[in-house]
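In the order they appear, the protein sequences are chains A and B. Per numbering that gives the first Met the number 0, the very first residue in the first sequence carries number 0; after that it's consecutive. Per numbering that gives the first Met the number 0, the very first residue in the second sequence carries number 0; after that it's consecutive. Every residue gets a Cβ at the ideal spot worked out from N, C-alpha and C, and that includes glycine. Every value quoted in this text rests on a predicted model; they were computed, and no experiment measured them. Heads up: the structure comes next, in structure tokens.
Number of protein chains: 2
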Amino acid sequence: MSEEVPRPAERAKRLPRAVRERQILDAAVSVFSRYGYHSASMDEISEVAGVSKPMIYTYLGSKEDLFGACIRREATRLLEAVQNGIKPDLPPDMQLWHGLRAFYRFVAEYRESWTVLHRQAMTVGGAFAAEITDMRTRAIELVAALVVSAGTRKGLGEQAEFSGAGLSAALVGAAESLADWALDHPDVSDGVLASWLMNLVWLGFNDLVEGDVWKPSESDD
Amino acid sequence: MSEEVPRPAERAKRLPRAVRERQILDAAVSVFSRYGYHSASMDEISEVAGVSKPMIYTYLGSKEDLFGACIRREATRLLEAVQNGIKPDLPPDMQLWHGLRAFYRFVAEYRESWTVLHRQAMTVGGAFAAEITDMRTRAIELVAALVVSAGTRKGLGEQAEFSGAGLSAALVGAAESLADWALDHPDVSDGVLASWLMNLVWLGFNDLVEGDVWKPSESDD
DNA sequence: GCGTAAGGCTACCCGCGAGTAGGTAGGCGG
DNA sequence: CCGCCTACCTACTCGCGGGTAGCCTTACGC
């Protein structure tokens, strides 16, 4: 009985700090994406990472810090992916098209990153929600710039049926929602997804430019 | 000092159960919408409701039960509001228009309901997320039915640039996103919001029917 | 070889908040 | 006017999980 053999000391091999940090962040993103910030426990993250809890605290700080690190890393990845997809000297519609394709490629490849950024980041009150909202706002403004530049170039001014900001907000929401939908339909390619949105938005937009406006066909209420 | 007078017994008046349940649900929706499911505490809910904690457990059960009750009540409200806004014997585009207006009226009037349904309900793992997802799926299918009915009526078949399901997912996402945007812009009326979406979607859709399709203007990658 | 620092762990603390036990008060039937 | 049922409260328990104190152990420099 004294022969305990609790574990033949399957002690993790000693690895450089940078590698461990990567492992921990990967595990954290995975767990956060599955359970959300609050329901995720540090114990589970440490288990998935194959590392004990104090390591996390030594390397990445508190739970909130850890989550922040995840958010920032994944946000940077996403931003870079989209940035690399865009060809800045093309006309606005082609820029939007390439941006959308890059976005959908990213979402397909890094589902967990997308889940954490889109669904979980809002649930942590305060600082992170603000950070994410900011990033989203920047995305909306980026799109709005494209839309407005195309609009004014074509002579579309201020009119009741048109609002660059509102339209962009709607477009970004549509893109996100379609991303979620695409997660359940992996057979639909990024090109097709981007085409759907372009056809939705850009064609309707062109109609507006030409004064072809949808109106309710009867009294207002 | 023996004159304690801790509270002059500002004991709540005895009220019928139904009334208390309403108060508790109202308080719960408010608190959940502010803090989210996990960060909301039963103590705070009871305080806001003006009732002690055991009451909540006697009347509405556990925290999860309580949240479920909130979700169901608000979802029913929303559904009814939209249902009542729709006039079923109008053409598809007018149905969509009226549905959207009713939706934005609801969001403006019951911000907290919307917040709970849209942002918080997903963060509770398992049953509720599924419930909400179901409701959202039904909404998408409803919209898809309108779109497809209009599409087939006009002779639009299966083509690469068209997918009723995908398009509807995008539209619902756009509507939700625009709802969030509208919360920060209360001066924009529900009619205007609905018009924006109609102009986005319906006009682009009509173009598709007429074979006017957006295509990338150069090689595929 | 041998000191020492960096990688790693086990085993604990402790506060917060979900949930409850047990008691009090007010109204209504008799 | 008296009991008793129901609305209602104060004051607790207790487990979960974030965070830490303190120790071990391997590799590398000299």
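Indicate whether the contact test is met: 3 or more Cβ pairs, each with one atom in the region 54-61 of chain A and one in the region 18-34 of chain A, closer than 8 Å.
-> yes
Any idea what DSSP makes of residue 184(A), helix, strand or coil?
-> coil
Would residue 171(B) pass as a contact of residue 138(B) if the rule is Cβ separation under 8 Å?
-> yes
Going by Cα to Cα distance, which pick from 215(A), 178(A), 54(A) is closest to residue 189(A)?
-> 178(A)
DSSP on residue 146(A), reduced to helix/strand/coil?
-> helix
Three CB pairs or more closer than 8 Å across the region 11-18 of chain A and the region 91-101 of chain A | no
Within this structure, are the beta carbons of residue 102(A) and residue 174(A) separated by less than 8 Å?
-> yes
Can you grab the Cα-Cα spacing for the pair residue 15(B) / residue 69(B), in whole Å?
-> 20 Å
Boundaries (first-last residue) of the alpha helix (DSSP H) holding residue 121(A) | That residue, residue 121(A), is in no alpha helix (DSSP H); it is neither H nor E in DSSP.
Less than 8 Å between the CB atoms is what I'm expecting for residue 198(A) and residue 213(B), so what's the real figure, rounded?
-> 5 Å
What are the start and end residues of the alpha helix (DSSP H) that includes residue 32(A)?
-> 16-38
From the beta carbon of residue 140(B), is the nearest beta carbon of chain A less than 8 Å away?
-> no
Which ranges does the alpha helix (DSSP H) cover as unbroken runs of at least 4 residues, wholly within the region 83-143 of chain A, from first to last along the chain?
-> 91-108, 110-114
Any C-beta of chain A under 8 Å from that of residue 37(B) = yes
Contact with chain B by residue 137(A), beta-carbon distance below 8 Å = no
Where are the alpha helix (DSSP H) runs, 4 residues long or more, that stay fully inside the region 52-77 of chain A, in chain order?
-> 52-59
Among 144(B), 126(B), 147(B), the one whose alpha carbon lies nearest that of residue 66(B) = 126(B)
is_contact[residue 213(B), chain A] using C-beta, thresh 8 Å = yes
Three CB pairs or more closer than 8 Å across the region 37-46 of chain A and the region 40-49 of chain B | no
Closer than 8 Å by C-beta to residue 167(B): which residues in its own chain qualify, once you throw out the five before and the five after it? Chain order, please.
-> 139, 140, 142, 143, 146
6 Å CB neighbourhood of residue 113(A) in its chain, flanking five on each side removed = 106
Tell me, please, whether the CB atom of residue 104(B) is closer than 8 Å to any CB atom in chain A?
-> no
With residue 180(A) and residue 163(B) assumed to form a contact (beta carbons below 8 Å), what rounded beta-carbon distance in angstroms separates them?
-> Not a contact, Cβ separation roughly 12 Å.
Spatial distance of residue 186(A) from residue 117(A) (CA atoms) = 22 Å
Taking residue 86(A) as the reference, give the member of 77(A), 76(A), 75(A), 99(A) with the closest Cα.
-> 99(A)
Taking C-alpha atoms, which residue in 182(B), 215(B), 132(B), 20(B) lies nearest to residue 183(A)?
-> 132(B)
Residue 135(A) versus residue 20(B): straight-line alpha-carbon distance, rounded | 38 Å
Under three-state DSSP, which class holds residue 50(A)?
-> coil
Do you know whose CA, among 122(B), 169(B), 130(B), lies nearest residue 35(B)'s CA?
-> 122(B)
Taking 8 Å as the CB-CB cut-off, is residue 168(A) touching chain B?
-> yes
Any chain A beta carbon closer than 8 Å to residue 113(B) | no
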